[in-house]
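Before any comments, here is the structure.
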Amino acid sequence: AGLPAPNADRTPPVLSFEFFPPRTDVLEQQLWACIRRLETLRPSFVSVTYGAGGSTQARTHDTVARLVKETDLTPAAHLTCVDASRGEVDDVARRYWDCGVKHIVALRGDPTVKGGRFESHPDGYASAAELVAGLKRVADFEITVAAYPEMHPEATSPQADLDNLKRKLDAGANRAITQLFFDVETYLRFLDQCLAVGITAPVVPGIMPVSNFGPAKRFAESCGARVPDWLESMFAGTEGDLETRRMIGVAIAAEQVRLLQANGVDEFHFYTLNRPDLTYAIAHILGVRPVQAEPPLVMPAG
Ligand code: FAD
Numbered sequence: 014a015g016l017p018a019p020n021a022d023r024t025p026p027v028l029s030f031e032f033f034p035p036r037t038d039v040l041e042q043q044l045w046a047c048i049r050r051l052e053t054l055r056p057s058f059v060s061v062t063y064g065a066g067g068s069t070q071a072r073t074h075d076t077v078a079r080l081v082k083e084t085d086l087t088p089a090a091h092l093t094c095v096d097a098s099r100g101e102v103d104d105v106a107r108r109y110w111d112c113g114v115k116h117i118v119a120l121r122g123d124p125t126v127k128g129g130r131f132e133s134h135p136d137g138y139a140s141a142a143e144l145v146a147g148l149k150r151v152a153d154f155e156i157t158v159a160a161y162p163e164m165h166p167e168a169t170s171p172q173a174d175l176d177n178l179k180r181k182l183d184a185g186a187n188r189a190i191t192q193l194f195f196d197v198e199t200y201l202r203f204l205d206q207c208l209a210v211g212i213t214a215p216v217v218p219g220i221m222p223v224s225n226f227g228p229a230k231r232f233a234e235s236c237g238a239r240v241p242d243w244l245e246s247m248f249a250g251t252e253g254d255l256e257t258r259r260m261i262g263v264a265i266a267a268e269q270v271r272l273l274q275a276n277g278v279d280e281f282h283f284y285t286l287n288r289p290d291l292t293y294a295i296a297h298i299l300g301v302r303p304v305q306a307e308p309p310l311v312m313p314a315g
């Protein structure tokens, strides 16, 4: 029967978008142009990542604080346990709560040294599950955690990783967002496994529209996400041809999300990489339409 007709009689899905904090003024302008374009799609929340070892703490904070002040969006701040005591992490969380950021994406984080083993701070949270419990003691945050359809690289087994996801949700998290993946079956199988261990919270697919295949491949592999041969062969020979790569990227992600939608998935998280166009096009394919700001009321003269 194939995929359902586009926009066939269905409620548009719920979307959320991830951004990273900008390092320079030019990148900040690029991020805000991206935010302005994507905010018209009325996402349920937008999240801002936290650099390795807390290296972007101030920039993450400034970006979410500006989202609170200047937009109607609901911001979520990513927060990790790396190189910080529980007290320090709790203080950061309290500052978020006080400035109106009530949603945290709670992560353990990765070691500051690439390839090293994660060592928790002597007085720190040792895992995301501990962080979730700690955040709930600070305030009644809405909390999102990470899930790994292809297992976290450090997990001893898929079952141990699922148990860990369940611990995070049982500690008070409201939903999980998955690591990026390319094969839809990988995600659907993972959803079944989540249900089998009693996970009932939403496990939202994390979608990364790819246009720069080389860096995307390196990034995916560093996260333990398999890059299928079909993906590599679709991009083969497009190295000097950005336009074609972008079109291929939209086509691949569109097929991915439509297959997910046909399987009942109605919530999607996009890794935007601070670029709006691919995400915007894919959202449109999913049936999401922009809502323009109300035009100002013009009073008749006289
Ligand atoms: P945890 O859930 O604590 O798990 C880490 C590993 O330890 C897993 O293998 C788990 O199975 C195992 N484990 C945990 N507790 C136990 C236990 N009690 N017994 C046995 N095994 C256990 N990183 C950043 O630095 N900044 C970000 O902004 C960021 N955003 C992300 C957003 C998403 C949606 C995702 C999927 C990842 C993100 N990451 C980010 C990456 C993340 O920090 C790394 O993947 C990190 O290695 C693990 O974080 P976690 O929260 O999944 O850890």
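For what it's worth, the UniProt record's numbering labels the leading residue of the sequence shown as 14, then goes sequentially.
Quick reminder that beta carbons are idealized off the backbone N, C-alpha and C, glycines included.
*Can you name, in chain order, every residue of its own chain whose Cβ lies under 6 angstroms from the Cβ of Phe-203, other than the five neighbours on each side?*
Pro-162
*Between Leu-208, Asn-187, Thr-93, which lies nearest to Ala-139 when the distance is taken from Cα to Cα?*
Ranking Leu-208, Asn-187, Thr-93 by Cα distance to Ala-139 puts Thr-93 first.
*Which value, in whole angstroms, describes the spacing of the CA atoms of Leu-286 and Thr-169?*
Rounded to the nearest angstrom, the two C-alpha atoms are 30 angstroms apart.
_Phe-226 vs Leu-255 beta-carbon contact at 9 angstroms_ = no
_Integer-rounded CB distance, given that Glu-280 should sit under 8 angstroms from Pro-25_ = So it is not a contact: roughly 11 angstroms between Cβ atoms.
*Three-pair Cβ contact test at 8 angstroms for the stretch 292-306 versus the stretch 265-273*: yes
*Indicate the three-state DSSP secondary structure (helix, strand or coil) for Ala-275 in the structure shown.*
helix
*Apply the 10 Å Cβ neighbour rule to Ala-209 and answer buried if 16 or more other Cβ atoms are within range, or exposed otherwise.*
exposed
*Three-state secondary structure (DSSP) at Gly-250?*
coil
*Residue from Ala-160, Trp-110, Asp-85 whose Cα sits closest to the Cα of Gly-122*: Ala-160
*Straight-line Cα distance separating Cys-207 from Leu-28*: 21 angstroms
*Out of Ser-246, Tyr-200, Ala-264, Ala-238, state which residue places its alpha-carbon closest to the alpha-carbon of Val-278.*
Tyr-200
*asked:* For Lys-179 and Thr-76, I'd like the C-alpha separation in whole angstroms.
replied: Their backbone Cα atoms lie some 30 angstroms apart in a straight line.
*Quick one: using the 10 Å Cβ neighbour count with 16 as the cut-off for buried, is Leu-80 buried or exposed?*
buried
*For Glu-280, does the three-state DSSP call read helix, strand or coil?*
Note: Glu-280 maps to strand in three-state DSSP.
*Between Val-158, Val-95, Gly-128, which lies nearest to His-134 when the distance is taken from Cα to Cα?*
Val-95
*Have a look at Asp-104 and Ala-152 and give me their C-alpha separation to the nearest angstrom.*
11 angstroms
*Look up Ile-220 in the DSSP assignment and give the residues it is bridged to.*
Phe-283
*Tell me, please, which residues DSSP counts as bridged to Ile-295.*
For Ile-295, which the question treats as bridged, DSSP gives no partner whatsoever.
_Distance, Val-240 Cα to Lys-230 Cα_ = 7 angstroms
*Regarding Val-105 and the ligand FAD, is the C-beta to nearest heavy atom distance less than 8 angstroms?*
no
*Whether residue 339 touches Pro-88 by CB criterion (9 angstroms)*: Nothing about residue 339 can be read from this structure; the chain reaches only from 14 to 315.
_Asp-85: CB within 8 angstroms of a non-hydrogen atom of the ligand FAD_ = no
*asked:* With a threshold of 8 angstroms on Cβ separation, who are the neighbours of Thr-84 within its own chain once the five nearest residues in sequence on each side are excluded?
replied: Ile-48, Glu-52
*Span of the alpha helix (DSSP H) holding His-74?*
70-83
*For Ser-235, name the three-state secondary structure that DSSP assigns.*
helix
*Taking only heavy atoms of the ligand FAD into account, decide whether any of them is closer than 8 angstroms to the Cβ of His-134.*
no
*Is there at least one non-hydrogen atom of the ligand FAD closer than 8 angstroms to the beta-carbon of Thr-76?*
no
*Does DSSP classify Thr-257 as helix, strand or coil?*
Taken through DSSP and simplified to helix, strand or coil, Thr-257 comes out as helix.
*Tell me whether His-165 counts as near the ligand FAD, meaning its Cβ is closer than 8 angstroms to at least one heavy atom of that ligand.*
Correct: His-165 has its Cβ closer than 8 angstroms to the ligand FAD.
*Pick out whichever of Arg-55, Gln-42, Asp-111, Glu-132 has its Cα sitting closest to the Cα of Val-304.*
Arg-55
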